[in-house]
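Here the sequence shown is numbered in this note's numbering, starting from 260 and rising by one per residue.
Glycine included, C-beta positions come from ideal geometry on N, C-alpha and C.
Please read the structure below before turning to the comments.
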Amino acid sequence: DTRELHLLHFWLFLGIYLAALLGNGLIITAIACDHRLCAPLYFFLLNLSLLDLGAISTTVAKAMANSLWNNRAISRPGYAAQIILFIFLMSAESYLLTVMAYDHYVAICKPLHYGTLLGSRACVHMAAAAWGCGFLSAVLHT
Numbered sequence: 260d261t262r263e264l265h266l267l268h269f270w271l272f273l274g275i276y277l278a279a280l281l282g283n284g285l286i287i288t289a290i291a292c293d294h295r296l297c298a299p300l301y302f303f304l305l306n307l308s309l310l311d312l313g314a315i316s317t318t319v320a321k322a323m324a325n326s327l328w329n330n331r332a333i334s335r336p337g338y339a340a341q342i343i344l345f346i347f348l349m350s351a352e353s354y355l356l357t358v359m360a361y362d363h364y365v366a367i368c369k370p371l372h373y374g375t376l377l378g379s380r381a382c383v384h385m386a387a388a389a390w391g392c393g394f395l396s397a398v399l400h401t
């Protein structure tokens, strides 16, 4: 009975994981392959999809392994790596969502200045700052 429940959890986690991989993979592929999707919104969406892929791979992969092998133990280095990666990815995602909110604000409230305020260089700098702040958050909180 318990083994069947573990297998059910495994298949449930596998379905969630594959759906997330497929959805984010399609977003990444569409943005990377279509040169018309070069607006800042799509650049930030690409970064958000990468962060989502990392976050779900950090957590769900271990949960699937635990369900399949009926193992609840995790080593200290494995635990530390999972926590650091998860905090990094989630912090970077929240900072990136803040940057995306600013992008939307400029697009709606200052449409005439959009090109000067959010050029490609500024977008790369803001995305890099979001990733960097996520890394600093992970280092400072662990």
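*Are the beta-carbon atoms of F347 and G284 separated by less than 8 Å?*
no
*To the nearest angstrom, report how far apart R380 and G282 are at their CA atoms.*
28 Å
*For L356, does the three-state DSSP call read helix, strand or coil?*
helix
*Through-space distance from T261 to M323, alpha-carbon basis*: 15 Å
_DSSP three-state label for C297, please._
coil
_Per-residue burial, N329 [other beta carbons within 10 Å of its own, 16 or more giving buried]_ = N329 comes out exposed.
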